[in-house]
C-alpha cells in the first residue's frame, strides 16, 4: 500500500492509523462524534481491505471488557468512544489497566451532561486521568494518525505494558478535514512490527497480569505502585519512540510542544485543537510587542513535569487555559501545574482561566484579555483565580434566553462580578 496524502477528517485519520497498525480485533459501540471511526473500519473490514474481527457490543462497558480480554490473549486491539460512553465504561478502565494490557483507545472529547451538548471540552478525558491509561492529546489530524501508531509502540513496550488513550476534540477535529500523510505499510512495519507478546493468557500458567485476585492491602499496594512506576518510566520510553518516529517519518512529537517560548515572558498553557487558536493569539501579541509564547501539553499521563518546569520557569506569568471545570475546585490543569511549580525557587505567577466549555470558542478578544490580565498581575504581584472566559455578547444572549424562560431578574443587567472578561 503506497503512501497517501489527502484531506482527511480526524475520525478518518484515526481509522487510517488503525488500518496501518494492522489491528486484529475491534470491539465497538457507536456514539457521536466518534461513530465515523468505527463506520470506516467496519466498511474496510467488510470490503476485505482490512483483516480484522469487528464486533458491535451492547454498551461501552462490554466494549472495554471485550477489548481488555482480547488484548490479554496477545492480539492487537483497538476501540473508541466519547463523552458519556467513556464514563459508561469507567469501571473497566481501571480493570483493564490493572490487567496491564496494551490496547489503544481513542476518545473523541465531548462535554458531559447535564446540560447536554455534542460539542467538546475535556472533562470526559480528564476524568480518566487516574485510571492507569497513558494519555496522548492531539492538536491536528496528522497528529491523530501518528499518535495511534506511537500509542501502540509505547503500550506494547515490555517496560510499559499499559493501555493508551489518544484524545482529540469532537467536531473541531473529528469532522474537520486537514491535509494528512499516511505512510505506506512497509514504512510502518519498521516502526511498529506485528505484536508478539512474551506473556499472554495463552495458558493459565502464563498470565500477563499477575495480581488480579483479592490479595489484601500489601499485595494491592505492590501492584498499584508497579503500575505507577511503569507509567512514569513511559516518559523515557516515549522519548525513544518519538525520536525513532521522527527519524522514519520526518515528524517528531515531544511530551510537550513549545511555541515561541524560548524568550517568552507571558506563556499560555493549553491542550488539544484549541491550541491552534492560542498560537494565533501569541503571534498577534508578539506583533504588539508582548513577549508571548504557548506551551502545549501533549502527554498528560504520565505528567511531563520536568519539561513543564523547564519551559515556564523563567516566564513572568503563565496562564493555564482549562477547557474543563472541576466543580467546587476550578481548572484541573491549573491545579496540576501549580503542584509542579510549588517547590520551585524560580517560578512564574500562575493564573487560571476556564474557557471553551461545551465547545464554546475562544475569541481573539478573550486571548487579549488573558494577556492583559497576566501583565496586570505581574504589576500588582497577584492575579484573580479563576477567570471564566465569557464575552459581553454571550452574556447578552444568555440574558435573552433566561428572559424567554421566565428566569430573568432585575439583577441580570450586570455580570455577577468576577467572570467578566470584556
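In full-length UniProt numbering, the protein residues as written are 1 to 422. Where a beta carbon is used, it is the ideal one built from N, C-alpha and C, also for glycine.
Item checked: Every unbroken alpha helix (DSSP H) inside the stretch 59–89 [4 residues or more] -> Taking only runs of at least 4 residues, the alpha helix (DSSP H) segments lying wholly in the stretch 59–89 are 60–72, 84–88.
Notebook entry, point to check: For the alpha helix (DSSP H) that contains residue 230, what are its first and last residues?
Noted result: Per DSSP, residue 230 belongs to the alpha helix (DSSP H) from 216–249.
Note to self: Does residue 247 pass the burial test, meaning 16 or more other C-beta atoms within 10 Å, or should it be called exposed?
What the structure shows: Per the 10 Å Cβ criterion, exposed.
Next item on the list: Report buried or exposed for residue 219, applying the criterion of at least 16 other Cβ atoms within 10 angstroms of its Cβ.
Entry: Within 10 angstroms of the beta-carbon of residue 219 lie fewer than 16 other beta-carbons, which makes it exposed.
Margin query: Helix, strand or coil for residue 149? Go by DSSP, reduced to three states.
Written below: The three-state secondary structure of residue 149, taken from DSSP, is helix.
Notebook entry, point to check: Secondary structure at residue 376, three-state DSSP: helix, strand or coil?
Noted result: Looking at residue 376 - three-state DSSP - the assignment turns out to be helix.
Checklist line | Other residues of its chain near residue 19: CB distance less than 6 Å, five sequence neighbours each side excluded | finding: Cβ within range, chain order: 50.
Notebook entry, point to check: Taking C-beta to C-beta, are residue 257 and residue 303 nearer than 8 Å?
Noted result: No, these two residues do not count as a Cβ contact at 8 Å.
Notebook entry, point to check: When the Cα of residue 350 is compared with those of 358, 361, 357, 387, which residue comes out closest?
Noted result: Looking at 358, 361, 357, 387, the one whose alpha-carbon comes closest to that of residue 350 is 387.
Notebook entry, point to check: Of all the options 316, 183, 235, which has the alpha carbon lying nearest to the alpha carbon of residue 250?
Noted result: The residue among 316, 183, 235 with its C-alpha nearest the C-alpha of residue 250 is 183.
Notebook entry, point to check: If you draw a straight line from the C-alpha of residue 32 to the C-alpha of residue 107, how long is it?
Noted result: For the pair residue 32 and residue 107, the Cα-to-Cα distance works out to about 11 Å.
Check: How would you call residue 136, buried or exposed, if buried means at least 16 neighbouring beta carbons within 10 angstroms?
Finding: Counting of Cβ neighbours within 10 angstroms places residue 136 among the buried residues, the total reaching 16 or more.
Next item on the list: Whole angstroms is fine: what's the gap from residue 48's alpha carbon to residue 227's?
Entry: Cα to Cα, the separation comes out at about 38 Å.
Checklist line | Between the CA atoms of residue 43 and residue 82 - distance to the nearest angstrom | finding: A direct Cα-Cα distance of roughly 21 Å separates residue 82 from residue 43.
Note to self: With distance defined between alpha-carbon atoms, name the residue in 362, 353, 317 nearest to residue 346.
What the structure shows: Among 362, 353, 317, the Cα nearest to that of residue 346 is on 317.
Next item on the list: Would you mind sorting residue 306 into buried or exposed? The rule is 16 or more other CB atoms within 10 Å of its CB.
Entry: It is exposed - the Cβ of residue 306 has fewer than 16 other Cβ atoms within 10 Å.
Notebook entry, point to check: Which two residues bound the contiguous alpha helix (DSSP H) that contains residue 188?
Noted result: First-last of the alpha helix (DSSP H) with residue 188: 185–191.
Item checked: Nearest neighbour of residue 148, chosen from 161, 224, 168 [CA to CA] -> It is 168.
Note to self: Within 8 Å, do at least three Cβ pairs link the stretch 153–162 to the stretch 320–337?
What the structure shows: Touching, no.
Next item on the list: Output yes or no for whether 8 Å exceeds the beta carbon distance between residue 432 and residue 271.
Entry: Nothing can be reported for residue 432, as the shown portion of the chain is limited to 1 through 422.
Note to self: Am I right that residue 367 and residue 293 are in contact with their C-beta atoms under 8 Å? What's the rounded C-beta distance?
What the structure shows: Rounded, the Cβ-Cβ distance is 13 Å, inconsistent with contact.
Check: Which runs of the beta strand (DSSP E) fall wholly inside the stretch 110–152 and span at least 3 residues, in chain order?
Finding: Taken in chain order, the whole beta strand (DSSP E) runs of length 3 or more contained in the stretch 110–152 are 134–137.
Item checked: Start and end residues, alpha helix (DSSP H) containing residue 292 -> From DSSP, residue 292 is part of no alpha helix (DSSP H) but of the beta strand (DSSP E) over 292–297.
Notebook entry, point to check: Should the stretch 108–116 be called in touch with the stretch 79–96, which here means at least 3 C-beta pairs below 8 Å?
Noted result: In this structure the stretch 108–116 touches the stretch 79–96; the number of beta carbon pairs closer than 8 Å is three or more.
Check: For residue 259, which three-state DSSP category applies?
Finding: Strand, per DSSP.
Next item on the list: Please say whether residue 133 and residue 162 have beta carbons closer to each other than 8 Å?
Entry: Yes. Within cutoff.
Check: Since residue 275 contacts residue 139 with CB under 8 Å, what's their CB separation in whole angstroms?
Finding: Indeed, because the Cβ distance is near 5 Å, the residues count as touching under 8 Å.
Check: Since residue 96 and residue 78 are thought to touch, with beta carbons under 8 Å apart, how far apart are those beta carbons, to the nearest angstrom?
Finding: In fact, because the Cβ distance is near 13 Å, the residues do not count as touching under 8 Å.
Margin query: Taking only three categories from DSSP, how would you classify residue 313?
Written below: Coil, per DSSP.
Item checked: Contact under 8 Å by Cβ, residue 334 with residue 312 -> Against a cut-off of 8 Å, the Cβ pair of residue 312 and residue 334 comes out as no contact.
Checklist line | Residues that residue 165 bridges to, as DSSP identifies them | finding: Per DSSP, 105, 135.
Check: So, residue 23 versus residue 71, is the Cβ gap smaller than 8 Å?
Finding: No.
Checklist line | Bridge partner(s) assigned by DSSP for residue 53 | finding: Answer by DSSP bridge pairing, in chain order: 25.
Next item on the list: Measure the alpha-carbon distance for residue 207 versus residue 122 and round it to whole angstroms.
Entry: With a pLDDT of only 47 at residue 207, under 50, the local geometry of the prediction cannot be trusted, and the value read off the model is given with reservation. Their Cα atoms are separated by approximately 35 Å.
Next item on the list: Determine the direct distance from the alpha carbon of residue 232 to that of residue 25, and round the result to whole angstroms.
Entry: Take the alpha-carbon of residue 25 and the one of residue 232: they are about 28 Å apart.
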